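Numbering (full-length UniProt numbering), first residue to last: 1 to 110. The block underneath contains the structure these notes are about, expressed in structure tokens.
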């Protein structure tokens with residue numbers, strides 16, 4: 001099942017030195033606001049819950065949906081990219097709404 005992006009809560013992460021937002025649910029593609037790019041994340045086969053791959057669509061070992069302010073060029077050109085522990089870090093200990101994400105983005109551009 002996929003959910004509307006505004007119905008979900010997100011946690012801030014840093015991926016390849018870029019801020020992004022992840023939710024454990026699948027997002028309806030047409031509900032993602034303009035200016036954000038949606039990807040999906042796969043976790044490892046060992047069941048440890050470590051994110052290991054980002055792609056435009058994940059069928060097996062789904063970890064979550066990722067929203068980025070910038071395109072992940074390798075995913076755009078290759079369709080997928082593998083990540084290591086060094087590529088991914090958690091930035092916050094609380095979840096936020098998409099409204100908070102967008103409001104924060106607006107404040108940063110003022």
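All C-beta atoms, glycine included, are put in the ideal place defined by N, C-alpha and C. Just so you know, these numbers come straight off a predicted model, no measurement behind them.
DSSP state of residue i mapped onto helix, strand, coil
i          : result
residue 65 : strand
residue 53 : strand
residue 95 : coil
Inter-residue spacing [alpha-carbon to alpha-carbon] between residue i and residue j
i           : j          : result
residue 40  : residue 52 : 11 angstroms
residue 18  : residue 3  : 24 angstroms
residue 27  : residue 48 : 23 angstroms
residue 54  : residue 73 : 11 angstroms
residue 46  : residue 99 : 35 angstroms
residue 64  : residue 33 : 18 angstroms
residue 75  : residue 20 : 14 angstroms
residue 137 : residue 60 : Examination of residue 137 is not possible in this model, given that the chain is present from 1 through 110 alone.
Residue i Cβ short of 8 angstroms to the ligand FAD heavy atom set
i          : result
residue 54 : Looking at this structure, you won't find the ligand FAD or any other ligand, since it has none at all.
Nonlocal neighbours in the same chain, by C-beta distance under 6 angstroms from residue i, ignoring five residues either side
i           : result
residue 129 : Because the chain here runs from 1 to 110, residue 129 falls outside it and cannot be looked at.
residue 36  : 67
residue 5   : 27, 31, 32 and 98
residue 14  : 89 and 91
Residue of the options minimising C-alpha distance to residue i
i          : options           : result
residue 95 : 5, 22 and 29      : 22
residue 24 : 34, 30, 7 and 33  : 7
residue 44 : 82, 71, 75 and 13 : 82
Cut-off 7 angstroms between Cβ atoms - residues of its own chain near residue i, not counting five sequence neighbours on either side
i           : result
residue 97  : 9
residue 57  : 40
residue 102 : 33
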